[in-house]
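Engineer:
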Amino acid sequence: MNRMGKTFVILCAGVVLAAWSAAAVASSGGVGISAEEAWQKLLDGNKRYIESKMAACSESTPSARESLTKGQKPYAIILSCSDSRLPPEIIFDKSMGEIFVIRVAGNIIDPVVLGSIEYGAEHLGSPLIVVLGHERCGAVTAAVEAKGKPEGNIGALIKAIAPAVKQAQKEAAGKDKAELVETASNDNIRLVAASIPKKSPIIKHLLKEGKVKIVMAKYDLDDGKVTKLESK
Ligand SMILES: [Zn+2]
């Protein structure tokens, strides 16, 4: 592409972005709660799930569906692993319209995932983004066990998790594979969370404005608890 072509593409992208931003401001109006309150609602739901006191299923009624026909205002965006053992709606005890869920093996990001996060945060007004990993993740284990150049579409997943594995190999040197997988899983959650604003100017801007917050979390397969993962 020549220089003029590149300039045209950049200008068009800018116009689209500006139009989307204007539409977002006009349509979202926020969800009425803060990121901290949204996180607390998730923790409260997780507690109900652990204690077998779940309420969301009985709230998913025809009238609830009717109330959501004109739009949605989910208060949290959840980027979680696709693992069948941790559906976010169940482990957080949430009903229709509450959480905007993006699931991909290894809870990694790519342009499509980032676009979904941007839609949830800017257009729908969600104040909270949760990057949710979990124990004994198959995708992270595959990345730890990978030898040579990864191939095919699963190779793309392994490649995305590889930086976390590389970091974990230094941190968990001499430890067994199970510990290496957990260290890599934690590093992957942290690296993904750190990459979101680096790769998304929209999220970077919303973070700067205090309109959105990112929380890193990990799900315990044994007791069902979701715990916040702190930065190093
Ligand atoms: Zn997983």
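Heads up, my numbering is the position in the sequence shown plus 521, with the first residue counted as 1.
The C-beta atom is built at its ideal place from N, Cα and C for all residues, glycine as well.
Given the structure is predicted, the values throughout are model-derived calculations rather than measurements.
Checking 8 Å against the spacing of the C-beta atoms, do ARG624 and SER601 come in under that value?
Structural biologist: Yes, Cβ-Cβ distance for ARG624 and SER601 is below 8 Å.
Engineer: Roughly how many whole angstroms lie between the Cα atoms of ALA559 and ILE735?
Structural biologist: Their Cα atoms are separated by approximately 11 Å.
Engineer: Examine ligand 1 and report whether any of its heavy atoms sits within less than 7 Å of the Cβ of HIS655.
Structural biologist: Result yes, Cβ under 7 Å from ligand 1.
Engineer: Does the count of Cβ pairs from the segment 651-658 and the segment 634-643 closer than 8 Å reach three?
Structural biologist: Result no; under three Cβ-Cβ pairs closer than 8 Å.
Engineer: Grab me the residues of ALA642's own chain with a C-beta within less than 7 Å of its C-beta, minus the 5 sequence neighbours each way, in chain order.
Structural biologist: The residues are ILE598, ILE650, ILE724, LEU727 and VAL733.
Engineer: Can you tell me where the alpha helix (DSSP H) holding GLY676 begins and where it ends?
Structural biologist: Per DSSP, GLY676 belongs to the alpha helix (DSSP H) from 673-692.
Engineer: Going by beta-carbon coordinates alone, are LEU645 and LYS696 separated by less than 8 Å?
Structural biologist: Contact: no.
Engineer: Which residues in the same chain as SER573 place their Cβ atom closer than 6 Å to its Cβ, once the five residues preceding and following it in sequence are excluded?
Structural biologist: If we look at SER573 and ignore the five residues flanking it on each side, it has no Cβ neighbours.
Engineer: Nearest-angstrom Cα distance between THR528 and SER603?
Structural biologist: Note that THR528 has pLDDT 45, beneath the 50 cutoff, so the model's placement of it is unreliable and the number below is only indicative. Taking the straight line from one Cα to the other gives about 39 Å.
Engineer: Residue ranges of each beta strand (DSSP E) run of no fewer than 3 residues wholly in the segment 582-650, ordered along the chain?
Structural biologist: You should have 597-601 and 620-624.
Engineer: For SER721, collect the residues of the same chain with a Cβ closer than 8 Å to its Cβ; drop the 5 residues on either side in sequence, then sort them by chain order.
Structural biologist: Cβ within range, chain order: LEU635, ILE638 and GLU639.
Engineer: For CYS658, is the classification buried or exposed, using 16 other Cβ atoms within 10 angstroms of its Cβ as the cut-off for buried?
Structural biologist: So CYS658 counts as buried.
Engineer: In whole angstroms, give me the CA-to-CA distance for LYS698 and THR704.
Structural biologist: Looking at the two C-alpha atoms, the distance is approximately 10 Å.
Engineer: Are the CB atoms of ILE710 and SER750 within a distance shorter than 8 Å?
Structural biologist: Note that residue 750 is Leu in the sequence shown, not Ser. For LEU750 and ILE710, yes; Cβs fall inside 8 Å.
Engineer: With which residues is ALA738 paired in a DSSP beta bridge?
Structural biologist: BP columns for ALA738 point to LEU653 and LYS749.
Engineer: Just how far apart, CA to CA, sit VAL702 and ALA663?
Structural biologist: Roughly 9 Å between the two C-alpha positions.
Engineer: With DSSP run on the structure shown, which of helix, strand or coil describes ASP743?
Structural biologist: Three-state DSSP puts ASP743 in coil, outside helix and strand.
Engineer: Return yes when the C-beta of ASP604 is under 7 Å from any heavy atom of ligand 1, and no when it is not.
Structural biologist: Because some heavy atom of ligand 1 lies under 7 Å away, the Cβ of ASP604 counts as near it: yes.
Engineer: Ligand 1 heavy atoms versus the CB of ALA681: any closer than 7 Å?
Structural biologist: Result no, Cβ not under 7 Å from ligand 1.
Engineer: For GLY731 and chain D, any beta-carbon pair shorter than 8 Å?
Structural biologist: No chain D is present in this structure, which holds just one protein chain.
Engineer: Smallest Cα separation from GLN690: which of ALA677, GLU672, LYS680 and VAL665?
Structural biologist: Closest option to GLN690, Cα to Cα, is VAL665.
Engineer: Can you tell me whether ALA677 sits near ligand 1, meaning its C-beta is under 7 Å from at least one heavy atom of the ligand?
Structural biologist: Because no heavy atom of ligand 1 lies under 7 Å away, the Cβ of ALA677 does not count as near it: no.
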